[in-house]
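S.K.:
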Amino acid sequence: MRLNRIWGRYRERIIVAGLVVLVIIIMAPPKLVHNMVKREDEGVVVIDGVRKKDYNDYKYLKEEVLQTGTGENGIAASLSPGLDKEKEALYKVNGFNARLSDDIALNRSLKDIRHPKCKKKLYIADLPTAAVVVPFHNEHWSTLLRTAFSAYNRSPKHLLKEIILVDDASTKDFLGKKLDDYLAEHLPIARVVRLPSRWGLIRARLEGAKHATADVLIFLDSHTECTTNWLPPLLEPIAMNYKTAVCPFIDVIDFETFEYRAQDEGRRGSFDWEFYYKRLPVLPEDEANMPEPFKSPVMAGGLFAISSKFFWELGGYDPGLDIWGGEQYELSFKVWQCHGTMVDAPCSRIGHIYRKFAPFPNPRKDNFIARNYRRVAEVWMDEYKKFLYMRQPGWLQVDTGDISEQLAVRERNKCKPFKWFMDNVAFDLVKHYPLIEPPDYCNGTIKSVADPRLCVDTEMKGQFDRLDSLGECGPGSQYQFQLTAFKDIRPLKSHNCFDVPDLKGDKAPVLLYGCHKGLGNQMWKYDMTNQMINFGHHATHCLDCSISNKEIFVSPCDFDSKTQKWIWSFVNKERLSNYDNLDPKP
1 MRLNRIWGRY
11 RERIIVAGLV
21 VLVIIIMAPP
31 KLVHNMVKRE
41 DEGVVVIDGV
51 RKKDYNDYKY
61 LKEEVLQTGT
71 GENGIAASLS
81 PGLDKEKEAL
91 YKVNGFNARL
101 SDDIALNRSL
111 KDIRHPKCKK
121 KLYIADLPTA
131 AVVVPFHNEH
141 WSTLLRTAFS
151 AYNRSPKHLL
161 KEIILVDDAS
171 TKDFLGKKLD
181 DYLAEHLPIA
191 RVVRLPSRWG
201 LIRARLEGAK
211 HATADVLIFL
221 DSHTECTTNW
231 LPPLLEPIAM
241 NYKTAVCPFI
251 DVIDFETFEY
261 RAQDEGRRGS
271 FDWEFYYKRL
281 PVLPEDEANM
291 PEPFKSPVMA
301 GGLFAISSKF
311 FWELGGYDPG
321 LDIWGGEQYE
331 LSFKVWQCHG
341 TMVDAPCSRI
351 GHIYRKFAPF
361 PNPRKDNFIA
371 RNYRRVAEVW
381 MDEYKKFLYM
391 RQPGWLQVDT
401 GDISEQLAVR
411 ERNKCKPFKW
421 FMDNVAFDLV
431 KHYPLIEPPD
441 YCNGTIKSVA
451 DPRLCVDTEM
461 KGQFDRLDSL
471 GECGPGSQYQ
481 FQLTAFKDIR
491 PLKSHNCFDV
501 PDLKGDKAPV
511 LLYGCHKGLG
521 NQMWKYDMTN
531 QMINFGHHAT
541 HCLDCSISNK
551 EIFVSPCDFD
561 SKTQKWIWSF
571 VNKERLSNYD
581 NLDPKP
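Read left to right, the sequence shown gives residues 1 to 586 (full-length UniProt numbering).
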């Protein structure tokens, strides 16, 4: 009776309220309707019939903010001068500032440099489990452990099943029982698999994969740091299609200061016709869709995820590849040609220490890299292999060894021809890296007009070196340079180019840095009339020098300055006269 009285008294209001709710639901935009679903346990929601979840560990993020100490938040650090001897001793055997690494916490905090949309992104709630495989040879204690701890601390614990460290015949004492005991006490999810002799990076990864029991294999290098919520973005594309390989964005950990910084905000992996790793621009449609995963022709190397099932369907890595070299191309070609897909996941960011120099001696007497490259070319590249051999004819003299099993993998998986890969996946590669190399604008020696006895010089010790000297002109190869068709300047046959990262001040240093085809801070032009080497798109600065201390730098162009005037030993006048009308292609 009471309910009837309530209904009689308020029925008009109840009916109106119900109609309002119905109108809101009908008129609501699709995204609102999708979100108006039952929220399940642990923050799971159902969107378009798919269970999704926020995997951000907010508790851990709050704890990180409170951390203090050397290198926290990924900020650049330094050592006191009193530690110079210790620093140099460790530098020689590691190729980076290992002494500084020891002052940085194994669980140091890192700034969150992800795309803003990554911070709110939901991922499939039922993701596969992962095994992290980390091969190492004589890795430094703190950098190896920081790799493992960063992977563990910033992962959803139910998704990370195991961390497998593969010891490739290390000789440092602390990488033996001390490491085993430390992991058992502090990180029991991690264990060490030890190889009986030096097998090399490729076979060490293979061995680690054989010991893994998780759904997905994630390979990392031994001097990396995983950042906030790095794991779900690698796993979701594989959950959607197991024939997908996924690469993170690889950031830079400075080898001197351990500063954590972005390398860039996305490029597609590629190669040139000497098998040097290169990068292609992100496609406009992918740029507009950031930070969703986008397709990439070639992986950078040692940081990627792949389902265990697909990895072994492809035969893993070719076990005939020795030590390192070519493995990223072999697996990339396999993935694409054998009906898979490879993507970069911008929301997964992992930092990597790029050593100042390689501290390890050559573990083989023969040219194992050339042998690796030829195995990859003979198995996967079909008629395109000739463009490699045109530039490296010596590879034809190298014995590939038995490749029958790799050919059988290709046949068993009914893999596509390499032309399909070039036409459909790396379709813009030849625009940036032509099959036939176009001629230089200039090449040979670069002689100073201010003192014709002096030429631009470099000993080419490695990437990141400063080009800071003039030398007595002579026949040595260090005096030979190219102003290439890609509008960059490089030592003859080198893959490092003249690079000006910062134009601040009157004297900007010129570095040698990995070539990226005359873009931005690597673009140069020779002014034949004024004998000046202009820098950049706007040509407001020119290559300059100090005769007294033989220093080379870039400064504002001054047409009356002899120190800014240079003579190339060869100038392609016809080609140079069309410089502004020529793209970097034949």
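Here a beta-carbon is modelled for each residue, glycine too, at the ideal position from N, C-alpha and C. Source: prediction; values computed, not measured.
(1) Applying the criterion that 16 or more other CB atoms from any shown protein chain within 10 Å of the CB defines a buried residue, is A151 buried or exposed?
(2) Hey, how far is the Cα of D167 from the Cα of D344?
(3) Just mark A204 as buried or exposed, buried being the case when its beta carbon has 16 or more other beta carbons within 10 Å.
(4) Take F174 and list the residues in its own chain whose beta-carbon comes closer than 6 Å to its own, dropping the five residues that flank it on each side.
(5) Using the rule of at least 16 other Cβ atoms within 10 Å of the residue's Cβ for burial, across every protein chain shown, is H541 buried or exposed?
(6) Which term fits Q67, buried or exposed, when burial requires 16 or more other beta carbons within 10 angstroms of its beta carbon?
(7) In this structure, how does DSSP classify P439 when only helix, strand and coil are distinguished?
(8) Residue range of the beta strand (DSSP E) that F481 falls in?
(9) To the nearest angstrom, report how far apart F570 and I75 are at their CA atoms.
(10) If you count every other CB in all the chains shown that lies within 10 Å of the CB of A288, and 16 or more means buried, which is it?
(11) Cβ atoms of A245 and I306: under 7 Å apart, would you say?
(12) Could you check the C-alpha separation between W568 and I533 for me, to the nearest Å?
(13) What residue does the beta strand (DSSP E) around R490 start on, and which one ends it?
(14) Taking all protein chains shown into account, decide if L3 is buried (16 or more other Cβ within 10 angstroms of its Cβ) or exposed.
(15) Are any of the Cβ atoms in chain B nearer than 7 Å to that of G505?
(16) Between the C-alpha atoms of P556 and D506, what's the straight-line distance to the nearest angstrom?
(17) Would DSSP call C347 helix, strand or coil?
(18) On the DSSP bridge list, what partners appear for K565?
(19) Whose C-beta lies closer than 6 Å to the C-beta of D103 among residues of the same chain, with five residues either side of it excluded?
(20) Secondary structure at E551, three-state DSSP: helix, strand or coil?
(21) Given R51, which residues of its chain have a CB within under 8 Å of its CB, disregarding the five upstream and five downstream residues?
(22) Identify, in the order they occur along the chain, each residue of the same chain with its Cβ nearer than 6 Å to the Cβ of D580, setting aside the five sequence neighbours on each side.
(23) Out of R154, S348, P452, point me to the one whose CA is closest to K59's CA.
(24) What residues are listed by DSSP as bridge partners for S469?
(25) Please state the DSSP three-state secondary structure of T143.
(26) On the CB-based measure, 16 or more other CB atoms within 10 Å of its CB, does Y441 come out buried or exposed?
(27) Sort G320, K334, L201 by Cα distance to T400 and report the nearest one.
(28) Runs of 4 residues minimum, wholly inside the segment 156 to 231: which ones carry the alpha helix (DSSP H) assignment?
(29) Go to F498, then tell me how far its beta strand (DSSP E) extends in each direction, as first and last residue.
(30) Taking 8 Å as the cut-off, does the segment 97 to 117 touch the segment 255 to 275 (at least 3 CB pairs, one atom from each stretch)?
(31) Could you check how far apart the C-beta atoms of E256 and N94 are, in whole angstroms? I think they sit under 8 Å.
(32) For T143, which option in V425, C226, K161, L83 has the closest C-alpha, if you only look at C-alpha atoms?
(33) I need the DSSP call for D251, collapsed to helix, strand or coil.
(34) Leaving out five residues on either side along the sequence, give the residues of the same chain with a beta carbon under 7 Å from the beta carbon of K278.
(35) Taking the continuous beta strand (DSSP E) assigned at I323, which residues delimit it?
(36) What did DSSP end up calling S577 once you bin it into helix, strand or coil?
M.R.: Straight from the coordinates:
(1) Walking along the sequence shown from the start, residue 151 turns up at place 151. It counts as buried.
(2) Sequence index remark: in the sequence shown, residue 167 carries index 167 (1-based). Sequence index remark: in the sequence shown, residue 344 carries index 344 (1-based). So the alpha carbons of these two residues sit roughly 28 Å apart.
(3) Working through the sequence shown from its first residue, we reach residue 204 at position 204. Under a 10 Å Cβ-count criterion, A204 is classified as buried, with 16 or more other Cβ atoms of the shown protein chains found around its own Cβ.
(4) Numbered from 1 along the sequence shown, position 174 holds the residue referred to as residue 174. Cβ neighbours of F174 beyond the five flanking positions: W141.
(5) Mapped onto the sequence shown, residue 541 falls at position 541. By the 10 Å Cβ count, H541 comes out buried.
(6) Start at 1 with the first residue of the sequence shown, and residue 67 comes out as number 67. With fewer than 16 other beta carbons inside 10 angstroms of its own, Q67 counts as exposed.
(7) As a working note, residue 439 is residue 439 in the sequence shown. Under the three-state reduction of DSSP, P439 is assigned to coil, being neither helix nor strand.
(8) Here residue 481 refers to the residue found at position 481 when the sequence shown is read from its first residue. Run containing F481: 481 to 483, per the beta strand (DSSP E) assignment.
(9) Counting from 1 along the sequence shown, the entry for residue 570 is found at position 570. Counting from 1 along the sequence shown, the entry for residue 75 is found at position 75. Straight-line spacing of the CA atoms in F570 and I75 works out to 46 Å.
(10) Your numbering for residue 288 matches position 288 in the sequence shown. Classification of A288: exposed, given that the 10 Å Cβ count is below 16.
(11) One-based indexing of the sequence shown puts residue 306 at position 306. One-based indexing of the sequence shown puts residue 245 at position 245. A contact, by the Cβ cut-off of 7 Å.
(12) Numbered from its first residue, the sequence shown carries residue 568 at position 568. Numbered from its first residue, the sequence shown carries residue 533 at position 533. The alpha-carbon atoms of W568 and I533 are separated by roughly 10 Å.
(13) The residue labelled residue 490 in the question sits at position 490 within the sequence shown. 489 to 491 is the span of the beta strand (DSSP E), which, as asked, contains R490.
(14) For the purposes of this step, residue 3 is taken as the residue at position 3 of the sequence shown. With a pLDDT of only 45 at L3, under 50, the local geometry of the prediction cannot be trusted, and the value read off the model is given with reservation. Under this definition L3 is an exposed residue.
(15) Protein chains in the displayed structure number just one, and chain B is not present.
(16) Looking up residue 556 in the sequence shown gives position 556. Looking up residue 506 in the sequence shown gives position 506. A direct Cα-Cα distance of roughly 7 Å separates P556 from D506.
(17) Looking up residue 347 in the sequence shown gives position 347. Assigned with DSSP and collapsed to three states, C347 falls in strand.
(18) Within the sequence shown, residue 565 is the residue found at index 565, counting from 1. Beta-bridge pairing by DSSP links K565 to M532.
(19) For the purposes of this step, residue 103 is identified with residue 103 of the sequence shown, where counting begins at 1. Counting only Cβ-Cβ distances below 6 Å, and skipping sequence neighbours, we find T70.
(20) Walking along the sequence shown from the start, residue 551 turns up at place 551. Shown here, E551 sits in a strand according to DSSP, grouped into three states.
(21) Along the sequence shown, read from residue 1 onward, the residue named residue 51 stands at position 51. Cβ neighbours of R51 within its own chain (closer than 8 Å, five residues either side excluded): E40, V44, V45, I124, A125, D126.
(22) Position 580 of the sequence shown, counted from the first residue, corresponds to residue 580. Hits under 6 Å: none found.
(23) Numbered from 1 along the sequence shown, position 59 holds the residue referred to as residue 59. The shortest Cα separation from K59 among R154, S348, P452 belongs to R154.
(24) Taking the sequence shown and counting its residues from 1, the one referred to as residue 469 is at position 469. DSSP lists D457 as partners of S469.
(25) Position 143 of the sequence shown, counted from the start, is the residue given in the question as residue 143. Shown here, T143 sits in a helix according to DSSP, grouped into three states.
(26) Position 441 of the sequence shown, counted from the start, is the residue given in the question as residue 441. The residue in question, Y441, is buried, as its Cβ has 16 or more Cβ neighbours within 10 Å.
(27) On the sequence shown, position 400 is the one that residue 400 refers to. T400 has its Cα closest to that of G320, out of G320, K334, L201.
(28) Listed in chain order, the complete alpha helix (DSSP H) runs (minimum 4 residues) inside the segment 156 to 231 are 177 to 186, 201 to 211.
(29) As a first step, residue 498 must be located in the sequence shown, where it is residue number 498. Segment 496 to 499, the beta strand (DSSP E) holding F498.
(30) Flag = yes, the segment 255 to 275 and the segment 97 to 117 touch.
(31) Working through the sequence shown from its first residue, we reach residue 256 at position 256. Working through the sequence shown from its first residue, we reach residue 94 at position 94. Here E256 is actually not in contact with N94; their C-beta atoms are around 12 Å apart, not less than 8 Å.
(32) Numbered from 1 along the sequence shown, position 143 holds the residue referred to as residue 143. Looking at V425, C226, K161, L83, the one whose alpha-carbon comes closest to that of T143 is C226.
(33) On the sequence shown, position 251 is the one that residue 251 refers to. Secondary structure at D251: strand, using DSSP grouped into helix, strand and coil.
(34) The residue labelled residue 278 in the question sits at position 278 within the sequence shown. Closer than 7 Å at the Cβ level, and outside the excluded window around K278, lie S270, F271, D272, Y433.
(35) The residue given as residue 323 occupies position 323 in the sequence shown. Careful: I323 lies outside any beta strand (DSSP E) and carries neither H nor E.
(36) Looking up residue 577 in the sequence shown gives position 577. It is helical.
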